[in-house]
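Enquirer: Per the numbering used here, the very first residue in the sequence shown carries number 2; after that it's consecutive.
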Amino acid sequence: MTSGTEKANGTKKVGLMGWLDERLGLEAAFKFAQKKQVPIHKNSVWYYAGGIALMLMVIQFASGILLMVYYVPGLEAAHASILRINSQVDFGWFFRSIHSWGANLLIAVLVGHLFSAYFMKAYRKPREFTWYSGLILLVICLGFGFTGYLLPWDDVSFFATKIGLDIASKMPVFGEAAASLLRGGHNIGQGTLSRFFVIHVALLPLLCLGLMGLHLLFVQMHGMSEPGYFKKLEAAKRTYEKFFPNFFLKDLLVWLLALNGLAALVTLYPWGLGPEADPFGAAPIGIKPEWYFLAPFQFLKLVPPQVGPFEGELFGALLMVLACSGMVIVPFFDKGESAEKAKIATYYGLVLLLGIIAFTIWGALS
Ligand code: HEM
2 MTSGTEKANG TKKVGLMGWL DERLGLEAAF KFAQKKQVPI HKNSVWYYAG
52 GIALMLMVIQ FASGILLMVY YVPGLEAAHA SILRINSQVD FGWFFRSIHS
102 WGANLLIAVL VGHLFSAYFM KAYRKPREFT WYSGLILLVI CLGFGFTGYL
152 LPWDDVSFFA TKIGLDIASK MPVFGEAAAS LLRGGHNIGQ GTLSRFFVIH
202 VALLPLLCLG LMGLHLLFVQ MHGMSEPGYF KKLEAAKRTY EKFFPNFFLK
252 DLLVWLLALN GLAALVTLYP WGLGPEADPF GAAPIGIKPE WYFLAPFQFL
302 KLVPPQVGPF EGELFGALLM VLACSGMVIV PFFDKGESAE KAKIATYYGL
352 VLLLGIIAFT IWGALS
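#1: Specify, as a first and last residue, the run of the beta strand (DSSP E) that VAL110 falls within.
#2: Can you tell me whether DSSP reads GLY342 as helix, strand or coil?
#3: For the candidate residues VAL110, TRP154 and VAL46, whose alpha-carbon lies nearest to that of ALA78?
#4: If distances are taken between C-alpha atoms only, which option among LEU269, ASP279 and CYS142 comes closest to VAL110?
#5: Mind the definition here: the segment 298-314 touches the segment 192-208 only if three or more C-beta pairs lie below 8 Å; say whether that holds.
#6: Distance check for GLY149 and ALA123, CA to CA, integer angstroms please.
#7: For SER226, is the beta carbon positioned less than 6 Å from some heavy atom of ligand 1?
#8: List the whole-angstrom C-beta distance separating VAL46 from MET225, where the pair is believed to meet the contact cut-off of C-beta under 8 Å.
#9: To the nearest angstrom, report how far apart HIS223 and GLY229 are at their CA atoms.
#10: Would you decide whether SER88 is buried or exposed? Buried here means 16 or more other CB atoms lie within 10 Å of its CB.
#11: For CYS325, count neighbouring C-beta atoms within 10 Å of its own C-beta (all shown protein chains included) and say buried if the count is 16 or more, exposed if not.
#12: Under 8 Å, with one C-beta from each stretch per pair, do the segment 162-170 and the segment 81-99 reach the 3-pair mark?
#13: Which one of ALA54, ARG85 and PHE160 has the shortest CA to CA distance from LEU68?
#14: With a threshold of 16 other CB atoms inside 10 Å of the CB of SER64, please say whether the residue is buried or exposed.
#15: Which runs of the beta strand (DSSP E) at least 3 residues long sit entirely within the segment 208-266? Give them in chain order.
#16: Does DSSP put ASP156 in a helix, a strand or coil?
#17: Using DSSP with H/G/I as helix, E/B as strand and the rest coil, what is PHE311?
#18: For the alpha helix (DSSP H) containing PRO271, list its first residue and its last residue.
#19: Going by the CB atoms, is the gap between ALA161 and PRO419 shorter than 7 Å?
#20: Let's see if you can read the secondary structure: which residues bound the beta strand (DSSP E) around PRO40?
#21: Could you spell out where the alpha helix (DSSP H) holding HIS187 opens and where it closes?
#22: Taking the alpha-carbon of ARG239 as reference, which of GLY75, GLU23 and ILE41 has the nearest alpha-carbon?
#23: Identify which residue in LYS171, TYR241, GLY75 and ILE330 has its Cα closest to the Cα of LYS36.
#24: Cβ-heavy atom distance between TRP132 and ligand 1 below 6 Å?
#25: Between ARG128 and ligand 1, is the CB less than 6 Å from at least one heavy atom?
#26: I believe GLY350 touches PHE120 by the beta-carbon criterion, under 8 Å. Please report the beta-carbon distance rounded to the nearest angstrom.
#27: Any heavy atom of ligand 1 inside 6 Å of the beta-carbon of TYR241?
#28: I want to check one thing, is the minimum distance from the CB of HIS114 to the heavy atoms of ligand 1 below 6 Å?
#29: Start and end of the alpha helix (DSSP H) containing TYR150?
#30: Given a threshold of 16 other Cβ atoms within 10 Å of its Cβ, counted over all protein chains shown, does SER158 qualify as buried or as exposed?
#31: My output table needs one value for LYS126: the three-state DSSP class, helix, strand or coil.
#32: Examine the Cβ distances between the segment 303-311 and the segment 203-218 and report whether three or more of them are shorter than 8 Å.
#33: Which residue from ASN44, GLY26 and MET18 puts its Cα closest to that of PHE231?
#34: If you follow the alpha helix (DSSP H) that MET172 is in, where does it begin and where does it stop?
This is the structure we're talking about:
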């Protein structure tokens with residue numbers, strides 16, 4: 002193969018690399034990767050969080066595709082197909098546990114990624130779109146969690162979904178319409194299972210892939226953000242390391258550690274399966290949602306059934322939306338020009354994080 006690229010200094014790249022370079026612009030991509038730098042400071046460890054999320058996301062897609070080979074989204078067949086995956090399909094229990102544990106780890110890592118980016122003020126100019134694409138990705142991942150939970154069609158997943166949809170139906174404007182659309186009628190049944198399946202395996206993955214592409218593109222465009230105290234250091238004291246290969250190799254090591262953690266959870270605590278759902282039976286006593294929905298669940302339990310003109314659940318939901326809205330407006334509130342506003346944003350983030358942790362623990366213990 003003799004075709005190649007004429008370089009600025011007149012030399013010509015030959016062979017396979019030259020051939021590919023002419024078509025894909027590899028040289029420019031390599032140069033870009035070599036220029037990318039990662040700041041070194043006391044909070045640098047948080048720069049690994051997004052990468053771990055990315056690795057877990059790849060694992061979710063791969064294990065999800067394998068599960069789809071045997072899973073059957075039918076009222077009579079769903080629970081039996083999961084039983085079969087767990088007990089008869091070679092390594093079925095393993096990949097199912099990877100998918101279930103992976104989902105939980107991914108959401109935990111995303112919460113860490115979100116709040117670390119928040120406290121490092123990485124939402125500020127020019128990273129507003131990185132921030133918003135991230136927020137939507139988190140909502141998508143919570144959507145994966147909610148829709149995936151119903152698919153095994155066991156009693157806990159059935160009643161947890163029922164509670165979730167009942168709460169959604171009380172929300173203003175589109176609440177009832179959205180819940181009814183998801184339910185596929187008045188009761189949870191085949192319509193619901195089919196809808197949740199399609200959302201889980203087609204709609205959300207498409208949205209997620211597109212947004213992840215954008216998110217990573219924005220990260221490459223703007224490079225890693227630097228916390229305020231690091232930016233204020235004199236130039237000689239600000240140290241960086243090359244992304245490629247230095248940081249990337251450490252990324253790989255962290256992925257390996259995370260993978261080991263996942264493998265330990267999967268083998269020591271394989272994911273279980275409850276009895277098949279009985280829509281006419283009673284809800285299991287003390288039923289609770291997954292841990293990542295415990296905070297809103299516990300909060301709603303505290304709100305009285307009627308608050309003034311509002312139904313309790315509606316009032317509670319509005320309060321929670323209000324409490325989280327700061328995450329949406331923060332890039333336009335704290336633009337880095339006012340120390341006062343920066344402090345308010347930090348305190349707001351702390352209160353929100355501690356509130357979420359406290360309500361989650363409270364929900365788990367009660
Ligand atoms: C599937 C979900 C996600 C994936 C795969 C992902 C991946 C990544 C990666 C690989 C990076 C670069 C390394 C790093 O800074 O950690 C990054 C940066 C970033 N992410 Fe995410 N992310 C996700 C969700 C989120 C969420 C939920 C938020 C918060 C709203 C967010 C906000 C950001 C911001 C602001 C940056 C830039 C950080 C900086 O420059 O210091 N991401 N993300």
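Each residue gets a CB set at the ideal place from its N, CA and C atoms; glycine is no exception. Everything numeric in this text was worked out from a predicted model, so none of it was measured.
Expert: Working from what's here:
#1: First-last for VAL110: 93-120, but that is the alpha helix (DSSP H), not the beta strand (DSSP E).
#2: The sequence shown places Lys at residue 342, not Gly. LYS342 falls in the helix class under three-state DSSP.
#3: TRP154
#4: CYS142
#5: Touching, no.
#6: 31 Å
#7: yes
#8: VAL46 to MET225, Cβ: 13 Å. No contact.
#9: 16 Å
#10: exposed
#11: exposed
#12: no
#13: ARG85
#14: buried
#15: 241-243
#16: helix
#17: Secondary structure at PHE311: strand, using DSSP grouped into helix, strand and coil.
#18: It is not in any alpha helix (DSSP H) - PRO271 carries neither H nor E in the DSSP assignment.
#19: Because the chain is modelled from 2 through 367, residue 419 falls outside the range shown and cannot be assessed.
#20: 38-40
#21: Element bounds for HIS187: n/a, residue is neither H nor E.
#22: ILE41
#23: TYR241
#24: Yes, the beta carbon of TRP132 sits closer than 6 Å to at least one heavy atom of ligand 1.
#25: yes
#26: 6 Å
#27: No, ligand 1 has no heavy atom inside 6 Å of this Cβ.
#28: yes
#29: 129-151
#30: By the C-beta density criterion, SER158 is buried, having at least 16 other C-beta atoms within 10 angstroms.
#31: Note: LYS126 maps to coil in three-state DSSP.
#32: no
#33: ASN44
#34: Note, MET172: premise wrong, no alpha helix (DSSP H); not H, not E.
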